[in-house]
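Heads up, the sequence shown is in full-length UniProt numbering, so the first residue is 1 and it goes up one at a time. In what follows, a structure is listed as structure tokens, so that the remarks can point back to it.
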Amino acid sequence: EAAESAKGRQLRFLANVDPVDVARSIKDLDPETTLVVVVSKTFTTAETMLNARTIKEWIVSSLGPQAVSKHMIAVSTNLKLVKEFGIDPNNAFAFWDWVGGRYSVCSAVGVLPLSLQYGFPIVQRFLEGASSIDNHFRTASFEKNIPVLLGLLSVWNVSFLGYPARAILPYSQALEKLAPHIQQLSMESNGKGVSIDGVPLPYEAGEIDFGEPGTNGQHSFYQLIHQGRVIPCDFIGVIKSQQPVYLK
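Below, the structure written as structure tokens:
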């Protein structure tokens, strides 16, 4: 359904400052029909702004400097720097300054580009799912609270059993980016060896998250899991495929 809504449009992401990634991102694109969304909370992140300046030059060299305000928009909390960059502040989408980057998918950071690609009705269903699990976390007892139980399992595996890693194994190609997302969400949040007061922690904090969709992993790192090291695994199954074609 989302793919059907996206016909005729492409959504490309550019994060790496490797010139190869920049070239890949703009390959076969026409600046005249391209809208660039610069996403930076502070509008000072070095890698993001380097790429933004590079793409800005790409637009200017083809369409002239006046085209920047029509072909580049921003998602940021710093409207002053947005304007200095050359983007019309009226084309900037704000979000709360207390939202960290790793938690921002439900803000304009995620909602704007996804809505441009798939339409807001599709994205609204995603937001409703996020709201549902938020309400569950807020109201469910600890014994039945899925986020609490998952968190306690991680504490048990890392701090008590001494297992430093966790494999995230979704059996769906559509979830191929889930493990990298969890890496940022969990490891950036919990990857500190000291408390908020700067005191060294007397225990290990956080775990090493990795993974990829099955069955690919079964022919690579699953071997270590089966016969080498003890690595707790989260298997994620899908009852019904998004595609009507099934292997026989």
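Idealized CB from N, CA, C, for every residue including glycine.
Burial state of residue i (16 or more Cβ within 10 Å)
i, result
"residue 144", "exposed"
"residue 141", "exposed"
"residue 201", "exposed"
"residue 27", "exposed"
"residue 39", "buried"
"residue 239", "exposed"
"residue 48", "buried"
Neighbour flag for residue i against chain D, beta carbons, 7 angstroms
i, result
"residue 124", "No chain D appears in the structure shown, which is made up of a single protein chain."
Under 7 angstroms between C-beta atoms of residue i and residue j
i, j, result
"residue 191", "residue 211", "no"
"residue 173", "residue 11", "no"
"residue 53", "residue 184", "no"
"residue 222", "residue 159", "no"
"residue 182", "residue 196", "no"
Alpha-carbon spacing of residue i relative to residue j, whole angstroms
i, j, result
"residue 107", "residue 176", "22 angstroms"
"residue 34", "residue 199", "49 angstroms"
"residue 120", "residue 114", "8 angstroms"
"residue 93", "residue 224", "46 angstroms"
"residue 79", "residue 226", "52 angstroms"
"residue 277", "residue 82", "The requested residue 277 does not occur in the structure, where the chain is confined to residues 1 to 248."
"residue 51", "residue 32", "19 angstroms"
"residue 243", "residue 229", "35 angstroms"
"residue 22", "residue 55", "8 angstroms"
"residue 36", "residue 129", "28 angstroms"
"residue 25", "residue 15", "10 angstroms"
"residue 29", "residue 85", "22 angstroms"
"residue 89", "residue 18", "29 angstroms"
"residue 98", "residue 65", "33 angstroms"
"residue 104", "residue 95", "9 angstroms"
Residues of its chain near residue i, where Cβ-Cβ distance is below 6 angstroms and the 5 sequence neighbours each way are ignored
i, result
"residue 170", "178, 213, 236"
"residue 208", "164, 165"
"residue 157", "163, 232"
"residue 63", "31"
Own chain residues within Cβ distance below 8 angstroms of residue i, not counting five before or after
i, result
"residue 137", "145, 146, 147, 148"
"residue 127", "106, 111"
"residue 60", "67, 68"
"residue 44", "78, 81"
7 angstroms Cβ shell around residue i - same chain, five flanking residues per side excluded
i, result
"residue 41", "76, 77, 101"
Inter-stretch contact (C-beta, 8 angstroms, three-pair minimum) for the segment 65–81 and the segment 125–133: The segment 65–81 vs the segment 125–133: no contact.
Counting beta carbon pairs with one atom in the segment 213–222 and one in the segment 180–194, are three or more of them shorter than 8 angstroms? Segment contact: the segment 180–194 against the segment 213–222, fewer than three CB-CB distances shorter than 8 angstroms; contact not assigned.
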